[in-house]
Amino acid sequence: MGEETRRGPVTGRTWVMLVVVVLLASAIGIALGLAIDWFPAQGSTIASKIDTFWDVLLIASVPIFVGVATVVIFSIWRWHMRPGEEELDGPPTHGSTRLEVIWTALPTIVIAGLCAYSTVLLLDIQDSPARGTRVVNVVGQQFAWTFATNENGKRIVTNRLVLPKGEAVQFKVHSRDVIHDFWVPEWRLKVDAVPGITTKYSVTPSKTGTYQVVCAELCGLGHAFMRQFVTVVEPAAYAAWVAKQTAGAGGAGAGGTGAGTGAGGASAAQPDGKQLFVAGNPQTGATSCGSCHTMKAAGTSSQTGPNLDEFLKQDNAAGIREMIVSPGKEIAKGYGANVMPPNYGQTLSPQELATLVTYIDKSVHGGKQ
Ligand code: CUA
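Numbering (this note's numbering), first residue to last: 15 to 383.
Right, here's the structure in full:
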């Protein structure tokens with residue numbers, strides 16, 4: 015008989031208890047969820063909106079999870095089969111229209127509400143920084159980012175992104191090879207870099223500091239190391255940086271003037287060895303050595319590839335040249351093959367290659383540059 019009462023219909027008192035359990039557990043779950051610091055610092059004007067959205071999602075989903083889990087656990091406890099009941103069957107029941115209406119309507123309302131919220135938020139975020147503001151072209155390739163912008167009519171190409179605080183910037187994102195994803199966690203926005211098309215997003219950095227630019231799309235062996243930096247500075251400091259970057263960048267032509275123009279510091283037509291090492295040649299697609307390799311003289315510290323100060327110690331200029339042009343010939347112990355781009359022989363001009371080899375040779379063998 016005891017069995018009988020335990021399996022009878024759920025009484026009003028049990029219902030009240032279940033509701034109290036769900037409410038209590040939801041309150042605890044929401045409090046814990048909101049107490050956790052999920053994200054890095056808010057570095058853009060829209061970051062707080064994204065974080066609020068996250069909180070709303072959390073508040074909406076915890077009670078649903080708790081409610082479902084409570085019903086499941088209660089049902090298992092109350093109606094599981096006991097020894098000797100193998101042959102028994104439950105009472106025959108037909109569907110409950112009222113119940114079905116409720117369990118269809120409730121999720122529909124919740125999901126429609128969240129969809130509407132996220133759509134409005136997305137449109138708002140995409141619109142917020144005015145178009146026609148500063149444009150930065152971002153180029154992703156295995157396994158480095160290059161950033162190009164125009165300031166005072168001059169093109170600045172770097173592998174470290176520098177931006178002024180409080181000024182909207184639009185990124186036009188490209189890829190040279192496979193799909194990458196341009197992401198600065200502090201800004202809360204990311205967009206894929208897709209070969210053949212230009213993707214965009216706009217953001218207004220609101221906090222000075224240095225943040226990581228992360229590739230958020232698995233793109234090959236070096237994916238995890240495809241990280242560079244963005245530095246957000248006050249507008250005055252940005253102007254100074256621009257002045258420094260554009261100083262001496264005289265005429266428009268880079269190409270054929272060669273080395274013969276040697277009039278003072280005015281000619282920056284040919285990047286020097288250190289510039290090539292640190293920034294590569296984005297015009298032709300040559301990745302920078304420094305984004306993957308540590309070399310003391312250049313001040314780089316990435317560990318995607320071997321530390322050149324050690325790896326190239328035994329090599330002369332010809333050997334270093336060979337390593338750059340045919341990186342597959344000798345793979346350093348502990349590093350993967352096919353990680354280093356194999357096309358430096360094409361992307362660097364013979365002159366650039368010579369400059370780079372001389373620079374690396376001097377650097378790893380203690381010469382000054
Ligand atoms: Cu580029 Cu992952």
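Even glycine gets a Cβ: it sits at the ideal position worked out from N, Cα and C. This structure is a prediction, so every number in the text was calculated from the model and none was measured.
Beta-carbon to beta-carbon, H188 and N151 are separated by about 7 Å, close enough to satisfy the 8 Å threshold.
Linking G81 to M240 through their CA atoms gives a straight-line distance of about 42 Å.
W201 places its beta carbon less than 9 Å from that of A61. Scanning the region 86-167 for uninterrupted beta strand (DSSP E) segments of 3 residues or longer gives 148-155 and 158-165, listed from N- to C-terminal end.
Per the Cβ contact rule, the region 341-353 is not in contact with the region 250-261 (fewer than 3 Cβ pairs under 8 Å). Sequence-distant partners of L72 (beyond 5 residues in either direction) whose C-beta falls short of 6 Å from its own C-beta, in its chain, are G47. Between D329 and S377, the CB-CB gap reaches or exceeds 9 Å. When secondary structure is reduced to three states using DSSP, M354 falls in the coil class, being assigned neither helix nor strand. Going by DSSP, P249 is part of the alpha helix (DSSP H) stretching over P249 to T260. F243 sits away from L135, with the two beta carbons spaced by 9 Å or more.
With fewer than three CB-CB distances shorter than 8 Å, the region 95-115 does not count as touching the region 24-42. Proximity of the beta carbon of Q156 to the ligand CUA is indicated: a heavy atom of the ligand is located closer than 8 Å. With a minimum length of 4 residues, the unbroken runs of alpha helix (DSSP H) contained wholly in the region 26-76 fall at 26-49. In this model, K179 and S220 are separated by some 5 Å (Cα to Cα). Taken from the Cβ of L102, every heavy atom of the ligand CUA lies 8 Å or farther away.
A Cβ-Cβ contact shorter than 9 Å links V353 with T318.
Within a 10 Å sphere around the beta-carbon of S132 sit fewer than 16 other beta-carbons, which makes this residue exposed. A direct Cα-to-Cα measurement between V227 and V124 gives close to 35 Å. With contacts defined by Cβ atoms closer than 9 Å, R335 and L367 form a contacting pair. The Cβ atoms of S216 and A182 sit closer than 9 Å to each other.
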